[in-house]
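Single-structure report; data block below.
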Amino acid sequence: MPNAITIFSPSSVSNVGPGFDILGFALDDLGDKITLTLIDGDYDIKSIGAELPSDPDQNVATVALKSLAKSCGYQGGFSIQIEKKFKPGSGLGSSASSAAGAVFAANELLELGLSKKELIPYALDGEQVASGQRHGDNIVPCMLGGFVAVKSVEPYEGFHIDTPEDLKVLIIFPDVPIKTAEARKILPQEVPLKTGIQQAADMAGLVISLMTADYELIKGCLEDHFGTPYRKRLIPFFDEVKEMAFEAGAYGFNISGSGPAMFAFFKKGDDLESLKHQIVQQYKGADIEVRFHESGINKKGCEVL
Ligand code: HSE
29 MPNAITIFSP SSVSNVGPGF DILGFALDDL GDKITLTLID GDYDIKSIGA
79 ELPSDPDQNV ATVALKSLAK SCGYQGGFSI QIEKKFKPGS GLGSSASSAA
129 GAVFAANELL ELGLSKKELI PYALDGEQVA SGQRHGDNIV PCMLGGFVAV
179 KSVEPYEGFH IDTPEDLKVL IIFPDVPIKT AEARKILPQE VPLKTGIQQA
229 ADMAGLVISL MTADYELIKG CLEDHFGTPY RKRLIPFFDE VKEMAFEAGA
279 YGFNISGSGP AMFAFFKKGD DLESLKHQIV QQYKGADIEV RFHESGINKK
329 GCEVL
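Position in the sequence shown (from 1) plus 28 gives the number in the numbering used here.
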C-alpha cells in the first residue's frame, strides 16, 4: 500500500441564485491540490498559497480526517499539504474543497472502499467548522462533480441536474474577504410567504431551464430573494458589475456562495475580454484587485492525480 497520494478537489459555486443551501456546481481547473501522507505521529498541516489554521481541531481538512479516522478505526496520523489557488473566504467553496478532498484522499490511501456519497458526512464535519452549519451545496458538487440539488445531507439525498453543453461560467472575484459564518449571521431567520413562493418558482424555473437549455428562462430565474439583497452590501460594486455582465450578454448573474466572488452564465465562444477590462477598471478606482476564471461545469469532482 503506498503511503502518499495527491488529489485534486474542485472549487464550487453554491446557492446559484434561488437555490440557497441547495444548489451547487463544481468548476474546472480551480481548486485544491492535496497531498496526503500516512505518518506514525499526529496531524501535520502544510499550506501553500494561503494561510490555513495549523491547529488540527480548527483546520477543516484535519477535522474531516479525524472524523473519518475515528469511524474507520485508523489510529495513525496524517501529514497533509494543501495547495490553494485562491484565498479562503472567496465564496468558491474553499473549505469544502479542503474537507472533501482530504477524506477522498484518505479513503483512497487507506483503501477503505467507501463511495463518494458515503464520504459526504465526514466532509461535512469539516465544513461545519468553517460555516457553523452542515450545508452540502459546496461539499456535494465538489465531491461528486456536476450540478447538484441537495435534498438532505444526513443521509445524503440529492439529484444531478443536466446542464447545457455550451454553458460557460465566468467567475469574478474581487479581493475582499467575507467569512461564510458572518455572511450567514446577517440574514433574517424568517422570510415572508410571498418571498418564499417567488424563490420556489424561480428554483423550479431554473432547474427546468438548465435541463432544457432554455437560456432566456435561465436568465429570468437566477435571482435570489433570500440572501442576495442582504449580502450584496458586503460586495463592492455588486450592482455595477451585474449591470456590466448583462450588457455583455450574460444569461444570469449572482453571488457565488456567500461571496465576494460572483458568477455569470455565458455560452462557450462568447468573448469576455472587454467585460473583464471594464470590471478591472471599476475596481481599480477603489484599489481592489479582481481576478477572473472561465470554466465549464466540472463533471468529475474529486479525482486522483
Ligand atoms: N449556502 C452557503 C451560504 C454557501 O450561502 O451560506 C456558503 O458556503
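Cβ atoms here follow ideal geometry from the backbone N, Cα and C, with glycine treated the same way.
Between which two residues does the beta strand (DSSP E) harbouring Asn-282 extend? Run containing Asn-282: 281-283, per the beta strand (DSSP E) assignment.
Going by the CB atoms, is the gap between Ser-123 and Val-157 shorter than 9 angstroms? yes
Secondary structure at Ala-177, three-state DSSP: helix, strand or coil? Strand at Ala-177.
Who are Ile-199's beta bridge partners in DSSP? Phe-291 and His-321
Alpha carbon to alpha carbon, how far is Asn-135 from Leu-350? Give it in angstroms, no decimals. Shown here, the chain extends from 29 to 333; a query on residue 350 therefore has no answer.
In DSSP terms, what Asp-165 is bridged to: As DSSP reads the structure, Asp-165 sits in no beta bridge.
Quick one, are the C-beta atoms of Leu-221 and Phe-291 less than 9 angstroms apart? no
By the DSSP assignment, the beta strand (DSSP E) with Ser-302 in it spans what residues? Ser-302 -> not in any beta strand (DSSP E); alpha helix (DSSP H) instead, spanning 301-312.
Look at the alpha carbon of Thr-256 and the alpha carbon of Ile-283, and state the distance between them as a whole number of angstroms. So the two alpha carbons sit approximately 7 angstroms from each other.
When the distance is taken between beta carbons, is Lys-296 closer than 9 angstroms to Gly-324? yes
7 angstroms CB neighbourhood of Gly-287 in its chain, flanking five on each side removed: Gly-119, Ile-206, Ala-211, Arg-259, Leu-262 and Ile-263
Anyone know if the C-beta pair for Ile-189 and Gly-173 falls short of 9 angstroms? no
Helix, strand or coil for Ala-32, going by three-state DSSP, please let me know. The three-state secondary structure of Ala-32, taken from DSSP, is strand.
Status (buried if at least 16 other CB within 10 Å, exposed otherwise) for His-253: buried
Cβ shell of Lys-145 (< 6 angstroms), same chain only, five flanking positions each side left out: Tyr-184
Sort out for me which residues DSSP pairs Thr-63 with in a bridge. Thr-34 and Gln-109
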